[in-house]
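Colleague:
Protein chains: 4
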Amino acid sequence: MKIIGVLTSGGDSAGMNAAIRAVVRTALTYNLSVFGIKRGYEGLIEDDILEMDYDSVSGILSRGGTILYSARSKEFLKPEGRKKAIKNVRRRGIDGLVVIGGDGSFQGAHKLYEEYGIPLVGIPGTIDNDIGGTEYTIGYDTACNIALEALDKIRDTAQSHGRVFLVEVMGKHAGYIALETGIASGAEVILIPEVTTDVDAVARKLSGGIKKGWRSAIVVVAEGDDAGGAFKISKKLKEKIGRDIWVTILGHIQRGGVPSAVDRINASRLGVAAVDMLVSGQTDIMVGIVSGRVVSTSLSKTWTQKKGVDADLIRIAKLLSS
Amino acid sequence: MKIIGVLTSGGDSAGMNAAIRAVVRTALTYNLSVFGIKRGYEGLIEDDILEMDYDSVSGILSRGGTILYSARSKEFLKPEGRKKAIKNVRRRGIDGLVVIGGDGSFQGAHKLYEEYGIPLVGIPGTIDNDIGGTEYTIGYDTACNIALEALDKIRDTAQSHGRVFLVEVMGKHAGYIALETGIASGAEVILIPEVTTDVDAVARKLSGGIKKGWRSAIVVVAEGDDAGGAFKISKKLKEKIGRDIWVTILGHIQRGGVPSAVDRINASRLGVAAVDMLVSGQTDIMVGIVSGRVVSTSLSKTWTQKKGVDADLIRIAKLLSS
Amino acid sequence: MKIIGVLTSGGDSAGMNAAIRAVVRTALTYNLSVFGIKRGYEGLIEDDILEMDYDSVSGILSRGGTILYSARSKEFLKPEGRKKAIKNVRRRGIDGLVVIGGDGSFQGAHKLYEEYGIPLVGIPGTIDNDIGGTEYTIGYDTACNIALEALDKIRDTAQSHGRVFLVEVMGKHAGYIALETGIASGAEVILIPEVTTDVDAVARKLSGGIKKGWRSAIVVVAEGDDAGGAFKISKKLKEKIGRDIWVTILGHIQRGGVPSAVDRINASRLGVAAVDMLVSGQTDIMVGIVSGRVVSTSLSKTWTQKKGVDADLIRIAKLLSS
Amino acid sequence: MKIIGVLTSGGDSAGMNAAIRAVVRTALTYNLSVFGIKRGYEGLIEDDILEMDYDSVSGILSRGGTILYSARSKEFLKPEGRKKAIKNVRRRGIDGLVVIGGDGSFQGAHKLYEEYGIPLVGIPGTIDNDIGGTEYTIGYDTACNIALEALDKIRDTAQSHGRVFLVEVMGKHAGYIALETGIASGAEVILIPEVTTDVDAVARKLSGGIKKGWRSAIVVVAEGDDAGGAFKISKKLKEKIGRDIWVTILGHIQRGGVPSAVDRINASRLGVAAVDMLVSGQTDIMVGIVSGRVVSTSLSKTWTQKKGVDADLIRIAKLLSS
């Protein structure tokens, strides 16, 4: 192995730069050359590729987003797209790829591996934390802290005005952010895709709480909740409890931002491990963190193995806000 | 003067607690008793009032919202409401009132003064900064910093993905937050109620910029912009420039939060000044800050005198992002 | 079991309030009464104890420090002190104790158990993360993020001026904060008690780096490093490399502050678990988190079992900054 | 005027990058070329100069420090140093200079003007706020907010443990940061160079307060206070009040960091104004902000005119914490 490439794909997340830095610098200690591929698979298809050195990744640990840029490539979903991509891989002499992204990105990587046998290792980079084979994904901790700060601010206003707020956090298919920030902020109700939402029960809890003397209440809802988006749920709730519900959708403030300590450390660990594994001949795997240690999983398990949410956390959420 | 009352009214804003603390402690040094009135004029009408001492306001400088709670009272808009309120004022022996709030709250205070002659002094508390007679309103600086942090985060994502974002900040009638945070974040376009919005021109600027090589663009829009809300504008822009526009509405995260240094200092100065003025016999005025000094203005000017936005800032906004 | 007591002891740490809240509310769901003991063991000795209810712990999740206050009690180290304490425990009818603190606090608790058989469960609360039987201690994550933010700021100045900084972070006996924040901030050198410090080697690395073109360098040192404190090391380094070293000692800003998401969640989990365990009849144990799950350990192991630092992290630290 | 140069000199401060950006982009709209001079006057002497364009200053608004680097040049203090500098100025064809820095930097600039008649305009960039002719200096607001956050954290610990803390903030010759953050954090005592410190009186206030029931107390001291540094004062206080005093020196965390809204806005305004003034033929002046408006002052007044501290703030500081 002489040359490796690294790309970030899918939604950006805080800490991706730490992973890129770790990949580049670890590769250099193995005397490998490193190519940075811009805009995920699109850059691979369009040969938007540049060589990186030690200094290319200086000063990026504290910066959100990804210096390699990211994208969701439609062309790469098709065999012709991947064919173009592999041509550039070969022409550039790239012997192995590190793909930083979420499950969609890993499905693409897996197909590329199946079709062309190119060695590749994935690193879980997504704020949603919904990847099998790892307890941690890059950006999740920062996203939780951002959402939590927002919830603290909303509580100030909710408490000052005696209001019920419904706050939608990210998570199209997973309730991790909602569950964690809901507990951490003391939300009165937490709605996640993994648990069937009973709007009547929510209304009863809110009405009961208000009767008991709650001055404010916050409902945290994951964007992918089965009862619909924040506006739909708030409309139903409003009718049932007979008072205004204030809605805030946190949206894209949750992706960027200065990465937290945990995100920088873990992204660094995973970046190092990804190169270690490529060099040692492994491929079609993702490196992740399980029980605090770096492990590897075959790529296909990252989207087929559902982690589910921790039943203990669901109990705690109820227990501490009832 | 032996007893004064203090209340917060209208939207909560960061720094109101610093003002309450200053009012209470300054009054105590004048050997006055201080009553805290809960939930603005509603508490005055419902006699939701408690005596406050030195320790009642300990440890609140760093906390968002208002410990006295706030509300927008519909009943107080009517003469009967104010009649109930003045009864409680008199029964409690309250000789003077400090009203912390925005222009709506000041209009209420002014009516109470006109009808019953009760001495009162206003303190400008609103994140919108749209009060005549003062360059500063409590909460504006914190709100700008919160919105700015959010815009920095959105830039990370916009830049990583090569996107155009439209971000709506607070300001129903005033563009101060939009203009200040737009300049501070390097927004490519800033839309405010004070300047007629030409969506075609915005589209041309964005298209031109993208042609020149802008990887991302951010349009900051005040919620009260004449071209409509963020969704309406984004729809029009999308058609004209032929690409997706990502919308984020910052919403209620802008009111609460840990108050900034400026907000704590200025709220403290205004709280002290309000009591000084009440004690010295002044009434029907607001204390504000002009050219860095505390001044007073007759209450009615606070909603009739429009400040307008600084033409210099509008020039700078254009000059630095074109 | 009808009544339990809860106290915080030793250095305060961010998230202790979340643990107190969880203990109180969980106990209430078991229909227990809960007494809050002020100032750790001192409050137990002096009977500074108050009953707590659901509302006593409202609104405290976002606040640093501990609402029960803390202390390091010298009297409790002596048998007479513990005798006074147990008298108050019995007079109040307290059937079980939850002790939130570090290893010193646990040693006191263990003695109390040995001498009087009182059921008690510990929760690891210390920013130092140096407790056996748990991978996590309350406040560690927040402390790391605070130190990291400080290091980012110092890097701005170091880079602007082309300086070498030596930054001392907390950790009298453990290098966790230094190692984690050193990696996360991209520190050029990290000095911890667990690894013998070779000042000559540090000087060589710095001189070599400066020769290679480093504009700035940051040395992160744990306060308990074997080579001495920051000033001592900086003096030696200065002589050896022949240029000024700028020293910053972060000090007590690392304990307080708004708790992070991880600290609020884990403190909540541990608070719930502590009450679960007390109720189920366990005693003389600490609840901790290992491999992401709540576990219990006998109290004596919490100070006899050394965790050691992760060799993998030490490798990463070197690999990414050489 | 065809070519201008811009440099940052003296201690770095948050917002300098916003000023550089404004200078560069404003100059470009005047069709000027802009050279960035690295490391302040040292770069001028050593011809460490590079041409800047629109993109050179993209993405820097949110970054602390200065992308042009800074230094305190000893050589520039001597006539020979300035002679070397002016040679490079002329060889490069630089027609005017923008100097961003503090009073030391302005004294150098003034000499260069006196000796060689080169047009130059200063911009006040220092966290200390101790420049005549302006109410605002770049970085002051960010530094105050950083120190304030640190003080909030220290209060958590002081309150939890019932301690007296002495916290030293920056300000060698001026007490602005100490006074502002002292008021904003509710410090019990504030010691600044502008007011003679009476350690006995401080001790009496602390002892009296503790007797009255203060659980914690914070003394904020400017580094240049007449009673000496934090350690000296704490030693004296300790003897007088008979209890431990905990010392924290905030140090260099106060210079860097993400600039606040105010710092980005005002730095932008001053950068634009500096170029406007150069182009309109003015020289040997500094642009500043007085009563909220951009004004100019002759350079020599910036270090001869002392501003003094606001007597009103000193009254407020005492009044609100006694």
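Protein chains in written order, with our numbering: chain A, 355 to 676; chain B, 355 to 676; chain C, 355 to 676; chain D, 355 to 676.
Cβ atoms here follow ideal geometry from the backbone N, Cα and C, with glycine treated the same way.
The structure displayed is predicted, hence computed values, not measured ones.
Considering Cα atoms alone, identify which of C:Val553, C:Ile537 and C:Gly487 is closest to C:Ser650.
Modeller: Counting from 1 along the third sequence, the entry for residue 650 of chain C is found at position 296. If we check each option's Cα against that of C:Ser650, C:Gly487 comes out closest.
Colleague: Among C:Ile595, C:Lys655, C:Leu667 and C:Glu434, which one has its Cα closest to the Cα of C:Ile537?
Modeller: Residue 537 of chain C sits at position 183 when you count from the first residue of the third sequence. When only C-alpha atoms are compared, the closest one is C:Leu667.
Colleague: Return the CA-CA distance between D:Leu502 and A:Val475, expressed in angstroms with no decimal places.
Modeller: By one-based count along the fourth sequence, residue 502 of chain D stands at place 148. By one-based count along the first sequence, residue 475 of chain A stands at place 121. The alpha-carbon atoms of D:Leu502 and A:Val475 are separated by roughly 45 Å.
Colleague: Touching or not, the segment 549–567 of chain C and the segment 425–444 of chain A, by the rule of three or more beta carbon pairs under 8 Å?
Modeller: They do not touch, by the three-pair rule.
Colleague: Could you run through the segment 632–657 of chain B and flag, in chain order, every residue whose CB is less than 9 Å away from some CB of chain D?
Modeller: Of all residues in the segment 632–657 of chain B, Val644, Ser645, Gly646, Arg647 and Val648 have a Cβ within less than 9 Å of some Cβ in chain D.
Colleague: Give the DSSP-derived three-state secondary structure of D:Pro547 in the structure shown.
Modeller: Your numbering for residue 547 of chain D matches position 193 in the fourth sequence. Coil, per DSSP.
Colleague: Indicate whether the contact test is met: 3 or more Cβ pairs, each with one atom in the segment 598–616 of chain C and one in the segment 492–510 of chain D, closer than 8 Å.
Modeller: Short answer: they touch.
Colleague: List, in order along the chain, the chain A residues whose C-beta lies closer than 8 Å to that of B:Trp568?
Modeller: Within the second sequence, numbered from 1, the residue matching residue 568 of chain B stands at position 214. Those do not exist, as B:Trp568 stays about 13 Å from chain A at its closest Cβ, beyond 8 Å.
Colleague: Tell me which residues share the same chain as D:Lys655 and place their Cβ nearer than 7 Å to its Cβ, disregarding the 5 neighbours each side in the sequence.
Modeller: As a first step, residue 655 of chain D must be located in the fourth sequence, where it is residue number 301. Excluding sequence neighbours, D:Lys655 sits near Gly486 and Gly487.
Colleague: Consult DSSP for C:Arg446 and reduce its assignment to one of helix, strand or coil.
Modeller: The residue you call residue 446 of chain C lines up with position 92 of the third sequence. Reduced to three states, the DSSP call for C:Arg446 is coil.
Colleague: Under 9 Å between beta-carbons, which chain A residues line up against C:Asp495? List them in chain order, please.
Modeller: As a working mapping, residue 495 of chain C is identified with position 141 in the third sequence. Correct list: Asp495, Ser614, Ala615 and Val616.
Colleague: Candidates B:Val633, B:Met631 and B:Asp482: which alpha carbon is nearest B:Ser367's?
Modeller: In the second sequence, counting from the first residue as 1, residue 367 of chain B sits at position 13. The shortest Cα separation from B:Ser367 among B:Val633, B:Met631 and B:Asp482 belongs to B:Asp482.
Colleague: So, is the C-beta of B:Ala621 closer than 8 Å to a C-beta in chain A?
Modeller: Working through the second sequence from its first residue, we reach residue 621 of chain B at position 267. Chain A, which has no Cβ nearer than 8 Å to the Cβ of B:Ala621, makes this no.
Colleague: How long is the line joining the alpha carbons of C:Asp401 and C:Ile421, rounded to whole angstroms?
Modeller: Locating residue 401 of chain C in the third sequence gives position 47, counting from the first residue. Locating residue 421 of chain C in the third sequence gives position 67, counting from the first residue. Answer to the nearest angstrom: the Cα atoms are 17 Å apart.
Colleague: Would A:Ala532 pass as an interface residue toward chain C - the criterion being a Cβ-Cβ separation below 8 Å?
Modeller: Locating residue 532 of chain A in the first sequence gives position 178, where the first residue counts as 1. No, A:Ala532 lies away from the interface with chain C (no Cβ there is under 8 Å from its Cβ).
Colleague: At 3 residues or longer, and completely inside the segment 460–505 of chain D: list those beta strand (DSSP E) runs for me, N to C.
Modeller: Correct list: 474–478.
Colleague: Cβ-heavy atom distance between B:Gly419 and the ligand NAP below 7 Å?
Modeller: For the ligand NAP, the structure offers nothing, since it holds no ligand at all.
Colleague: Among B:Ala373, B:Thr602, B:Thr511 and B:Ile595, which has the Cα closest to the Cα of D:Leu674?
Modeller: Numbered from 1 along the fourth sequence, position 320 holds the residue referred to as residue 674 of chain D. Measuring from the Cα of D:Leu674, the nearest candidate turns out to be B:Ala373.
Colleague: Helix, strand or coil, according to DSSP, for D:Ile454 in the structure here?
Modeller: Translated into the one-based positions of the fourth sequence, residue 454 of chain D becomes position 100. Strand.
Colleague: In whole angstroms, what is the alpha-carbon distance linking D:Val360 and D:Arg375?
Modeller: Along the fourth sequence, one-based indexing puts residue 360 of chain D at 6. Along the fourth sequence, one-based indexing puts residue 375 of chain D at 21. Approximately 10 Å between the Cα atoms of the pair.
Colleague: Taking Cβ positions only, does A:Ser410 come closer than 8 Å to chain B?
Modeller: Against the first sequence, residue 410 of chain A aligns to sequence position 56. It does not: the Cβ of A:Ser410 has no partner Cβ on chain B nearer than 8 Å.
Colleague: Taking DSSP's pairing of strands, which residues face C:Phe682 in a bridge?
Modeller: Residue 682 of chain C cannot be examined here, being either before or after the span of chain C that is shown, 355 to 676.
Colleague: Determine contact between the segment 568–586 of chain A and the segment 538–554 of chain A, defined as no fewer than three beta-carbon pairs at a distance below 8 Å.
Modeller: With the cut-off at 8 Å, the segment 568–586 of chain A and the segment 538–554 of chain A touch.
Colleague: Run through the DSSP bridge pairs and tell me what C:Met640 is partnered with.
Modeller: The count along the third sequence starts at 1 and reaches residue 640 of chain C at position 286. In DSSP, C:Met640 forms a bridge with C:Gly476 and C:Thr651.
Colleague: Checking the sheet assignment: what are the DSSP bridge partners for B:Trp600?
Modeller: For the purposes of this step, residue 600 of chain B is taken as the residue at position 246 of the second sequence. The partner list for B:Trp600 (beta bridge, DSSP) reads B:Phe519.
Colleague: Less than 8 Å separating the beta-carbons of C:Met670 and A:Val388?
Modeller: By one-based count along the third sequence, residue 670 of chain C stands at place 316. By one-based count along the first sequence, residue 388 of chain A stands at place 34. A quick correction: the sequence has Ile, not Met, at residue 670 of chain C. No, the pair does not count as a contact, with Cβ atoms beyond the cut-off.
Colleague: Report yes if the CB atom of B:Met355 is closer than 8 Å to the CB atom of B:Val378, and no otherwise.
Modeller: Numbered from its first residue, the second sequence carries residue 355 of chain B at position 1. Numbered from its first residue, the second sequence carries residue 378 of chain B at position 24. The answer is no: Cβ separation not under 8 Å.
Colleague: Could you tell me which chain A residues have their CB closer than 8 Å to the CB of C:Glu489, listed as they occur along the chain?
Modeller: In the third sequence, counting from the first residue as 1, residue 489 of chain C sits at position 135. Neighbours of C:Glu489 on chain A, chain order: Gly646.
Colleague: Can you check whether the C-beta of D:Ala376 is within less than 8 Å of a C-beta belonging to chain B?
Modeller: Indexing the fourth sequence from 1 puts residue 376 of chain D at position 22. Closer than 8 Å: yes.
Colleague: To the nearest angstrom, how far is it from the Cα of A:Ile619 to the Cα of C:Asn499?
Modeller: Counting from one through the first sequence, the residue named residue 619 of chain A turns up at place 265. Counting from one through the third sequence, the residue named residue 499 of chain C turns up at place 145. Near 11 Å, if we compare the C-alpha coordinates of C:Asn499 and A:Ile619.
Colleague: Which of helix, strand or coil does DSSP assign to D:Ala425?
Modeller: Looking up residue 425 of chain D in the fourth sequence gives position 71. Coil.
Colleague: Does DSSP put D:Val629 in a helix, in a strand, or in coil?
Modeller: Sequence index remark: in the fourth sequence, residue 629 of chain D carries index 275 (1-based). Here D:Val629 sits in helix by DSSP.
Colleague: Within the same chain, show all residues whose beta-carbon is closer than 6 Å to that of A:Leu386, passing over the 5 residues directly before and after it, in chain order.
Modeller: The residue given as residue 386 of chain A occupies position 32 in the first sequence. Contacts found: Ile358.
Colleague: So which residues of chain D does C:Tyr467 contact, with C-beta pairs closer than 7 Å?
Modeller: By 1-based counting over the third sequence, the position of residue 467 of chain C is 113. Simply none; closest approach about 25 Å.
Colleague: Any Cβ of chain A within less than 8 Å of the Cβ of B:Lys526?
Modeller: Against the second sequence, residue 526 of chain B aligns to sequence position 172. Not one chain A Cβ lies under 8 Å of B:Lys526.
Colleague: With DSSP run on the structure shown, which of helix, strand or coil describes D:Ala557?
Modeller: Mapped onto the fourth sequence, residue 557 of chain D falls at position 203. Note: D:Ala557 maps to helix in three-state DSSP.
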